Structures are given as structure tokens and as C-alpha cells.
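There are 2 protein chains.
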Amino acid sequence: MPDPQLQADGARVLADLTTLRGFGAYKSGVHKPTFSEPHMRSLEWLAQRLPEAGLAAEIDGIGNVLGSSPKSGPKLLTGSHLESQNYAGWLDGPLGVVYALEAARVLNPAPGVNGAVEVAAWCDEEGHFGSFLGSRSFVGSLTEADIDAARDRSSGRTMRDALREVGLAGRARATAQRGRHIGYLEAHIEQGQLLEGGGLAIGVVTSIVGIWQYRISFTGEQNHAGTTRMAVRRDAGLALARFCVAIDDRFPGACGPRTVWTTGHITLDPGAPSIIPGRAEMLFQIRDEDPEVIGRLEDLLQDMAAEVSAQGRCRVAIERIRTGAPALMDAGFQQAIEAASATFAGGRSIRMPSGAGHDAQVLATIMPSGMLFVPSIGGISHHWSENTDDADIVTGAKVFVDACRRLLSA
Amino acid sequence: MPDPQLQADGARVLADLTTLRGFGAYKSGVHKPTFSEPHMRSLEWLAQRLPEAGLAAEIDGIGNVLGSSPKSGPKLLTGSHLESQNYAGWLDGPLGVVYALEAARVLNPAPGVNGAVEVAAWCDEEGHFGSFLGSRSFVGSLTEADIDAARDRSSGRTMRDALREVGLAGRARATAQRGRHIGYLEAHIEQGQLLEGGGLAIGVVTSIVGIWQYRISFTGEQNHAGTTRMAVRRDAGLALARFCVAIDDRFPGACGPRTVWTTGHITLDPGAPSIIPGRAEMLFQIRDEDPEVIGRLEDLLQDMAAEVSAQGRCRVAIERIRTGAPALMDAGFQQAIEAASATFAGGRSIRMPSGAGHDAQVLATIMPSGMLFVPSIGGISHHWSENTDDADIVTGAKVFVDACRRLLSA
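Those protein sequences? They're chains A and B, same order as listed. Position 408, counted from 1, in the first sequence is what the numbering used here calls 408; the numbers after and before it change by one each time, with no gaps. Going from the second sequence to the numbering used here is simple: count from 1 and add 410.
Next up, the structure:
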């Protein structure tokens with residue numbers, strides 16, 4: 001067990017999280033959309049805390065908070081995000097930011113640590129305006145045209161207007177200095193039930209899964225729901241329902257051990273109760289860490305579509321609308337988290353992929369990256385009732401800080 | 411073959427239909443929503459034609475056009491509607507109105523006919539603002555409160571505002587004088603393929619089917635599409651798809667020979683591609699002429715819902731939101747149409763139920779009623795490409811006028 005001076009202070013971590021929970025509180029969760037008043041208060045709160053950790057604070061032109069150390073030696077970048085989904089949980093984002101702040105507070109003044117922890121809160125990880133806008137800006141993959149095009153998916157307000165309204169327009173966007181960081185470490189709630197189900201404390205993320213998304217369209221023949229006999233119908237909605245069921249029946253025979261697939265959206269056209277739908281559409285998503293598995297499932301999907309079209313009632317068209325390659329987490333980072341878990345979590349850790357997207361997948365495009373998960377009670381995510389046991393929060397903080405120490409001492 | 415003076419003039423019928431097609435023309439169809447400018451021009455056109463048929467014209471306070479005869483003797487009420495669905499066909503409604511006008515023109519001055527044909531164009535049969543508002547007003551089943559509540563389903567404009575804008579507010583609503591009419595006869599395109607498929611010219615409607623409509627709701631558990639393993643999901647959307655397929659598999663074993671059922675609308679909640687739907691809902695409709703068949707299918711639906719709920723993944727709730735009893739057409743009217751078909755259509759007629767709703771089902775609540783159908787090319791309905799062969803239109807007109815003659819001579 002290392003020097004208690006080099007450990008996370010569990011009470012301080014819980015107190016900080018409770019403070020952040022007070023901004024935009026909603027039931028036991030928070031409502032903190034990107035650039036809302038409680039989100040901006042959260043950014044300012046973090047910027048005010050950073051000097052206590054020996055860091056110079058900056059809020060840049062896209063809403064990232066960055067804490068930079070003047071200390072010499074290797075720098076480890078850490079962080080997560082502070083905005084929330086609408087009416088969602090209190091830990092999704094803030095947990096990783098407070099762990100990062102705690103690591104900086106503990107390790108930056110420590111005489112035995114050869115370097116410094118730097119802290120970031122990436123703006124809009126939750127995608128109110130776009131896809132990982134803050135971290136993509138930092139790694140240099142977000143253009144001014146991307147920002148011009150970004151709009152709040154709820155209100156339609158442009159990102160440019162929002163930046164102006166919160167006083168960030170005109171500020172420079174911070175970008176990564178090549179070679180400055182030995183890597184990036186992020187903590188997050190699991191958002192699933194693997195840890196809880198196994199009585200485990202820490203998930204050591206091996207990869208962030210790829211997400212392939214499809215628009216699957218069915219074309220039949222629109223007709224009158226009263227005068228068209230069942231035998232002659234070409235009902236696009238029914239074809240869609242049969243397709244969903246066929247996916248559910250046939251994917252298990254071709255998928256990997258952790259593949260997941262989801263139909264999250266369905267529309268029937270024209271969508272009136274007395275009209276047989278002539279067209280129907282579904283948004284379908286496959287996630288896996290192995291591109292080969294995804295490829296196999298995509299082939300199966302195409303085969304199934306061809307079978308339906310061959311029957312002649314309805315035509316099926318599959319369009320891939322999103323291709324997200326999996327991001328591999330660095331082996332050295334995984335070892336550091338595992339070693340820290342052995343010390344502070346009694347070794348109750350497991351290697352696992354992340355089914356959700358995180359800023360770490362963006363940072364991983366320019367530096368070695370790692371992630372650790374803490375358990376989610378009941379696996380609940382993106383809902384105000386999301387929660388994690390206080391003891392698990394504290395254990396996670398101790399493992400996180402120790403993993404940072406190991407990475408900076410390596 | 412009766413006196414040629416007592417027959418429909420096919421060329422005049424086609425010319426009138428062509429004139430009406432010019433109001434609100436869209437491709438080969440029309441766009442004539444209730445109280446639109448082309449709809450109002452159609453009503454005025456009809457009102458101007460009625461005196462040629464010996465009828466006094468009136469447009470009442472709900473938008474019905476009524477032509478009343480001063481002639482003594484029995485009165486036969488005839489008609490249909492003049493507004494259209496959005497961007498729909500040219501004959502759905504106008505065909506029946508022009509047949510009625512033609513019957514009045516031919517029969518009202520005829521010395522051998524003991525009575526008169528009266529003509530109506532019922533407002534809003536297509537349900538832009540409500541359900542059979544015009545004919546329900548006439549039979550006395552529409553309250554002022556119903557009108558207060560009626561709104562255009564597309565624009566949200568209230569019916570009161572629309573009536574004011576077209577200058578009908580403040581006019582009295584005409585209502586049926588009990589005992590004035592021996593009954594009501596309406597002609598319409600079939601909107602299906604039974605006549606065309608059998609090489610037939612006339613459908614003799616036996617009943618207008620009942621429509622039972624249901625809201626079927628599925629409750630599962632909303633969760634993250636990336637972090638929730640397939641094995642623990644409670645996907646309400648998938649439960650809905652399986653239910654649709656189960657209906658399609660099991661209803662044929664319990665339905666009647668002409669039962670039809672349709673899922674016209676589906677929503678997944680929250681409807682985002684990365685969220686497993688926690689709730690899903692479908693609007694489901696059953697149509698049949700036999701209430702016993704509907705009752706049996708409703709029982710089956712409830713059994714299927716109980717089976718799904720018993721499996722424990724998702725709960726299913728079935729709410730009946732519309733109950734429409736079938737309307738029986740009068741036997742004497744059916745005989746008159748058949749006899750007229752024997753004379754003018756070479757007997758190429760068939761008795762059949764109407765799968766679609768019509769004003770005749772409303773009139774049937776207060777007087778003997780009948781309907782005849784003419785063939786629809788390809789069964790297409792509620793689409794601008796809807797059509798009927800000119801020869802079939804003319805045959806239908808001759809059968810209609812002769813059926814009116816027989817009913818007034820009986």
C-alpha cells in the first residue's frame with residue numbers, strides 16, 4: 001500500500017461530485033445540456049478548482065476546460081465531460097472529471113512523482129450539437145465548417161449562436177501539442193451490468209466498440225386499409241416487423257460474444273391508421289469490438305434483405321449511414337489500471353470492451369489511451385435514476401489516482 | 411330497355427366529372443381538402459347545377475349542399491361528397507355526386523316517375539376535421555360541442571374558423587325531415603380490386619364494415635444501446651415487431667372470409683438510434699361486417715397480449731379507441747341495384763361488403779340506404795393515380811339512374 005499522501009481522498013471526491021450535482025439538479029439526477037446555465041456553472045467551478053492542483057485553467061473557444069501544468073517532466077492527460085443528456089444521471093461525465101481533478105490534486109505536488117497530471121473537461125461529449133465536438137477540436141479533427149453546421153438537436157439553435165450567448169465566441173481553440181502527453185486516461189460509469197453482476201469494482205477497458213448504423217427502407221404499396229384484401233397487400237410495415245424478428249432470430253448464430261444490435265427508430269409512411277403503409281424505415285445499429293464480426297453481420301443483413309426482395313412483396317434497401325471503427329486501448333494503460341486495482345480494489349477487476357462511445361476513442365487517435373469503469377447500479381444509464389454506490393465511487397477514485405501515479409512513474 | 415329519355419347521359423356525366431377535376435387539379439387527380447378554395451368552388455358549381463334538375467339549392471352551415479324538390483310524391487335522397495383526401499383521386503366523392511345530379515336531371519322532369527330525386531354533397535366525408543361531420547349533422551347526431559372541438563388534422567385550424575373564413579358561419583344546419591325520404595342511395599368507386607378481378611361492372615353493397623381500432627402499448631425498459639447486453643434487454647420495439655408478426659400468423663386461423671387488419675402507425679420511445687426503446691405503441695385496426703368475427707379476433711388479441719406479458723420481458727396493454735358497428739344496406743335497395751344491373755350492365759354485378767366507410771352508414775341510421783360500386787383500376791385509392799375506365803363510369807351512371815327510377819316507382 002503506497003503512502004497515504006499519494007491516495008485519493010474519498011470524502012473530497014464525494015463532496016465535489018455532490019457540488020456538481022447541485023448545478024441543474026433534477027430529481028436524483030441532473031439536467032445540464034451543453035451550454036445551459038448549469039453546464040456553464042460546472043465549467044467555471046472546475047476552472048476555479050484547477051489552481052489548487054497546480055494547474056493553469058483555460059476555457060477555450062469550443063467550451064473545453066483545460067488545466068495545464070508548468071511542471072517539467074512527462075504529462076498525463078486525464079478528464080471526461082460535464083454536460084449531461086437531458087434529465088439524466090449525476091455521474092455520467094462528472095465522475096471522470098472529479099477523478100482527474102483529484103489525481104492532479106494528489107499527484108502534482110507529490111515529490112516522488114516525476115511529472116504532472118493535466119485535466120480536461122471535453123465539451124459536448126453527449127452530442128447535443130454534434131459528435132465529440134470538444135475532444136475532436138482538441139485533436140485537430142474538427143473544422144470551422146463543422147462548427148458552422150452544428151445545431152442543438154433539441155432546439156435547432158446553432159452552435160455559433162450558443163457560443164456567442166455564453167461568451168466563448170472569438171476565443172482560440174486549444175489543440176494538442178504533439179509529444180506533450182504520454183497518454184490519456186479517463187474514468188466513467190460502466191452504464192451496464194457486467195461489473196455489478198460479477199461483484200467486481202473496476203472495468204479495465206480493452207477497446208471502445210465500433211458503431212455501424214444503417215437506414216433500412218422497405219417499399220411496398222400504399223393502399224386503403226378497408227378495401228384491399230389481405231392476399232394482395234404489399235404492406236411495408238409488416239415487412240419491417242418481420243425483418244426485425246428475423247434479425248433477432250438469426251443474428252445470435254453469427255455474432256460475437258459481446259455484439260449488440262438495436263432498432264431504435266421506426267417510421268411507417270404515411271402513418272395513418274386507415275392506410276396500409278407503402279413505405280417503412282428503421283434505424284438499425286450494430287456494435288462490436290471486432291470489425292470482422294460486423295462485416296459478417298452486415299453480409300447477413302444483406303442476404304436477409306435479398307431474400308425479402310426475392311419474395312416480391314416488398315423491396316428492401318440497406319444504406320450504411322455511420323461507420324465507426326473500434327478504438328483499441330493501450331496495453332500499458334490496461335496494465336497500470338490492473339495493477340492499481342490489485343492494490344486498491346482487491347483485484348476485483350475485469351478486462352472488457354466499452355459498448356458506449358467516449359472521448360477516449362477520439363484521444364486514442366493521437367496518443368496512447370486508457371479507460372476504467374466503475375459499476376452502475378442496475379446498469380441504468382441516460383436516466384436521472386442512474387447511480388453508483390459511494391463505496392464503489394471511492395474505490396474507483398483510489399484506483400484511478402494510483403493508475404495515474406504508475407503511468408507517470410513508469 | 412326503358413325509354414332512352416329515362417337513361418343517364420354518359421357524355422354529360424363524363425363532362426361534369428371533367429369539370430370538377432379542373433378544381434384543384436393535381437397530376438391526374440385533385441387536391442381539394444375540406445373548405446379549400448377548390449372545394450368551395452366545387453360546392454358552388456353543384457349549387458348552380460341543381461336548378462336544372464328541378465331542385466332548390468342550399469349550402470348549409472356545415473358545408474353540405476342540398477337540393478330539394480318542390481314536387482309531391484316520394485323523395486329519394488342521393489349523393490356523396492366533393493372534398494378529397496390530400497393529393498388524391500378525381501372520382502372519390504365526385505362520381506357519386508354527379509350520378510346523383512344526373513339521376514335528378516333525368517328523373518325529376520320525367521312524367522312517368524312518381525316522385526323526385528333529391529341531391530346532397532355531404533361535407534368532410536374524408537375527415538379533414540372530423541368523422542362524417544356533414545352527414546352526421548344532417549341526421550342530427552352532431553352537436554355544437556362536436557363542431558367546437560373539430561380541427562383540421564393537418565393545419566390545426568378550428569372548424570369554426572374555417573366556416574367563418576368561407577362565409578358559412580351563422581347559417582342554419584339543414585336536418586332530415588323525418589318521413590320525407592324513402593331512403594338514400596350512394597354510388598362510389600370500389601377502392602379495391604374485387605370487381606376488376608372478376609370482370610364485373612357493379613358492386614351491390616350488402617353492408618359497410620365495422621371498424622374497431624386499438625392502441626396497443628408495449629412497456630419494456632429504456633436503456634443504452636451499447637452497454638446493455640442482449641440477454642438482459644427488455645426491448646419494447648422488438649416486442650411490438652414480434653406482436654405484429656404473431657397477428658399476421660394467427661389471425662388467418664380466426665378471421666372471416668373478408669376480414670382485414672392493419673397496423674398503420676408505429677412509434678418507438680424515445681426513438682433514438684442509440685437507445686433501446688422502453689415504450690412502443692401501434693395503432694391497429696380490424697374491419698369486418700360481422701361483429702361476432704371482430705369479437706373473436708379481439709379475444710385472440712387479448713390472449714396474445716397476455717402471453718407476451720406472461721413471458722415477463724415486456725408488458726402489453728390493449729385499448730380499444732374506436733368501435734364502429736357495421737351498417738346493413740336495405741334489401742329493397744340491393745334488389746333495385748341488381749335489377750338495374752341486369753338491364754344496363756348485363757348482370758355483371760356482385761353482392762359485396764364495403765370495406766371503407768361512407769356517408770351511407772350515417773344515413774342508414776335514420777332511413778333505408780343502399781350503395782353501388784364501380785370498378786377501380788388496380789384497386790388504387792387515396793392516391794392521385796386513382797381511376798376508373800370511362801366505359802365503367804358510364805355503365806355505373808346508367809345503373810344508378812335506373813335503380814333510382816325503380817325505387818321511386820316501387
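The C-beta atom is built at its ideal place from N, Cα and C for all residues, glycine as well. Note that the structure is predicted; figures quoted are calculated from it, not measured.
{"query": "Close-in-space but distant-in-sequence residues of the same chain around TRP261 of chain A (CB under 8 angstroms, 5 per side omitted)", "result": "ILE247, PHE251, CYS255, PHE284, GLN285, ILE286, ARG287 and LEU297"}
{"query": "Proximal residues of chain A, C-beta to C-beta of GLN415 of chain B below 8 angstroms", "result": "The contacting residues do not exist; GLN415 of chain B stays about 36 angstroms from chain A at best."}
{"query": "For ASP812 of chain B, the three-state DSSP class (helix, strand or coil)", "result": "helix"}
{"query": "Contacting residues, own chain, Cβ-Cβ under 7 angstroms from SER409 of chain A (five flanking each side not counted)", "result": "VAL113 and ASN114"}
{"query": "Pair within 8 angstroms by beta-carbon distance, ILE776 of chain B and ALA586 of chain B", "result": "yes"}
{"query": "ALA715 of chain B versus LEU43 of chain A - alpha carbon distance", "result": "49 angstroms"}
{"query": "Cα-Cα separation, ARG258 of chain A to ASP92 of chain A", "result": "22 angstroms"}
{"query": "Residues within the region 784-800 of chain B neighbouring chain A, beta-carbon criterion of under 9 angstroms", "result": "SER786, GLY789, ILE790, SER791, HIS792 and HIS793"}
{"query": "Endpoints, the beta strand (DSSP E) within which ALA121 of chain A is located", "result": "116-121"}
{"query": "Within the region 486-520 of chain B, ranges of the alpha helix (DSSP H) (whole runs, at least 4 residues)", "result": "504-517"}
{"query": "DSSP state of LEU552 of chain B mapped onto helix, strand, coil", "result": "coil"}
{"query": "Beta carbon proximity, MET230 of chain A to chain B, threshold 8 angstroms", "result": "yes"}
{"query": "3-residue-minimum beta strand (DSSP E) runs that sit fully inside the region 639-693 of chain B, ordered along the chain", "result": "670-679"}
{"query": "Best match in A:ASP3, A:LYS75, A:ASP9 and A:GLU83 for proximity to ALA397 of chain A [C-alpha to C-alpha]", "result": "A:ASP9"}
{"query": "Any chain A beta carbon closer than 8 angstroms to CYS654 of chain B", "result": "yes"}
{"query": "CB contact below 8 angstroms: ILE410 of chain B versus chain A", "result": "Nothing can be reported for residue 410 of chain B, as the shown portion of chain B is limited to 411 through 820."}
{"query": "Of the listed residues B:LEU711, B:SER751, B:HIS441 and B:GLY688, nearest to GLY499 of chain B (C-alpha basis)", "result": "B:HIS441"}
{"query": "Reference ILE676 of chain B; option with closest CA among B:CYS533, B:GLY647 and B:GLU702", "result": "B:GLY647"}
{"query": "Residues sharing a beta bridge with MET371 of chain A, DSSP", "result": "A:GLU186"}
{"query": "Beta bridge counterpart(s) of LEU628 of chain B as assigned by DSSP", "result": "In the sequence as displayed, the identity of residue 628 of chain B is Phe instead of Leu. BP columns for PHE628 of chain B point to B:ALA690 and B:VAL726."}
{"query": "4 or more residues per run - each alpha helix (DSSP H) lying fully within the region 731-797 of chain B", "result": "741-754 and 769-773"}
{"query": "Proximity winner among B:ASP799, B:ILE747 and B:ALA755, relative to MET762 of chain B (alpha-carbon distances)", "result": "B:ILE747"}
{"query": "Distance, ALA187 of chain A Cα to PHE138 of chain A Cα", "result": "19 angstroms"}
{"query": "Listed by chain order, chain B residues near THR365 of chain A by CB distance under 7 angstroms", "result": "Residues of chain B passing the Cβ test: none, with the nearest at roughly 19 angstroms."}
{"query": "Interface partners of SER684 of chain B on chain A, CB under 7 angstroms", "result": "GLY264 and GLN285"}
{"query": "Same chain, Cβ closer than 8 angstroms to SER551 of chain B, five either side skipped, listed in chain order", "result": "VAL772 and THR775"}
{"query": "Opening and closing residue of the alpha helix (DSSP H) in which GLY295 of chain A lies", "result": "291-311"}
{"query": "Against chain B: residues of the region 188-205 of chain A by CB proximity under 9 angstroms", "result": "GLU190, GLN191, GLY192, GLN193, LEU194 and GLY197"}
{"query": "Chain-ordered neighbours of LEU407 of chain A on chain B, where CB pairs are closer than 9 angstroms", "result": "What LEU407 of chain A touches in chain B: nothing, since even the nearest Cβ is about 26 angstroms away."}
{"query": "Span of the beta strand (DSSP E) around GLU536 of chain B", "result": "That residue, GLU536 of chain B, is in no beta strand (DSSP E); it is neither H nor E in DSSP."}
{"query": "Test item: CB-CB of GLU196 of chain A and ILE377 of chain A under 8 angstroms", "result": "yes"}
{"query": "Cβ-Cβ distance between MET739 of chain B and VAL615 of chain B below 8 angstroms", "result": "yes"}
{"query": "First and last residue of the uninterrupted alpha helix (DSSP H) at SER42 of chain A", "result": "37-49"}
{"query": "Stretch-stretch touch, CB-based, cutoff 8 angstroms, three pairs: the region 719-731 of chain B with the region 620-632 of chain B", "result": "yes"}
{"query": "Extent of the continuous beta strand (DSSP E) to which GLY608 of chain B belongs", "result": "GLY608 of chain B -> no beta strand (DSSP E), and no H or E assigned at all."}
{"query": "C-beta neighbour in chain D for THR395 of chain A, strict 8 angstroms", "result": "Any reference to chain D falls outside this structure, whose protein chains are A and B."}
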